[in-house]
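Numbering (our numbering), first residue to last: 20 to 181. Notes to accompany the following structure.
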Amino acid sequence: MALSPIDIHNKEFERSFRGYAVEDVNEFLDRVAKDYEQLLREYGELKEQNAQLNEKIKSYHKLEETMHNAIVVAQETAESVKQNANREADLIRREAEREAQRIVEDARYRASKILAEHDELFKQAQVFKIRFRSFIEAQLSALEMEEWLEPYQQQQHGDRGR
Numbered sequence: 020m021a022l023s024p025i026d027i028h029n030k031e032f033e034r035s036f037r038g039y040a041v042e043d044v045n046e047f048l049d050r051v052a053k054d055y056e057q058l059l060r061e062y063g064e065l066k067e068q069n070a071q072l073n074e075k076i077k078s079y080h081k082l083e084e085t086m087h088n089a090i091v092v093a094q095e096t097a098e099s100v101k102q103n104a105n106r107e108a109d110l111i112r113r114e115a116e117r118e119a120q121r122i123v124e125d126a127r128y129r130a131s132k133i134l135a136e137h138d139e140l141f142k143q144a145q146v147f148k149i150r151f152r153s154f155i156e157a158q159l160s161a162l163e164m165e166e167w168l169e170p171y172q173q174q175q176h177g178d179r180g181r
């Protein structure tokens with residue numbers, strides 16, 4: 020069992036013939052009791068401080084664990100967001116490539132259609148040119164054949180003879 024300041028203060032020694040001076044011993048025991056009481060008080064305060072500091076350390080450990088978990092969650096979330104963004108970007112890219120391919124195919128189709136129409140118009144123009152040339156040549160031939168003038172010339176000759 021631990022020794023208390025009261026135990027020190029109340030301690031009685033037996034008297035012997037050649038012992039210590041009682042007053043000196045009592046005075047010394049009083050000083051020891053006071054010092055011991057002071058040490059016990061400081062020890063109690065330090066124990067209480069130690070308990071408070073241990074609570075703070077536990078608190079800081081919990082905070083550290085919470086922060087660590089938050090960082091892990093944030094990293095996982097960031098990775099997930101990054102993966103989703105990459106998937107979405109890939110999807111957008113593929114859709115854009117499909118749309119671009121469709122636009123190119125549509126442009127090629129239109130270009131070939133325009134070329135076909137151009138060729139058809141060119142052929143029609145050639146046919147028209149040939150027909151017009153034939154018509155003009157026929158008209159020139161008719162003009163060169165002066166047969167068309169004969170009725171008119173006969174009429175004029177006949178009028179003169181009258």
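Note that CB positions come from ideal geometry on N, CA and C, so glycine has one too.
Relative to the C-alpha of residue i, which residue among the options is closest?
i	options	result
I27	V51, F36 and A40	V51
L53	A135, L22, A157 and E114	Correcting the residue type first, residue 53 is Lys in the shown sequence and not Leu. Nearest C-alpha to K53: L22.
With the cut-off set at 8 Å, would you say residue i and residue j are in Cβ contact?
i	j	result
P24	L59	yes
K30	L48	yes
V44	F32	yes
Give every residue of the same chain whose Cβ lies closer than 7 Å to the Cβ of residue i, excluding the five residues on either side of it in the sequence, and list them in chain order.
i	result
R112	none
Please determine whether the Cβ atom of residue i lies at a distance below 7 Å from any heavy atom of the ligand HEM.
i	result
V91	By its list of ligands, the structure shown contains no ligand whatsoever, and the ligand HEM lies outside what it can speak to.
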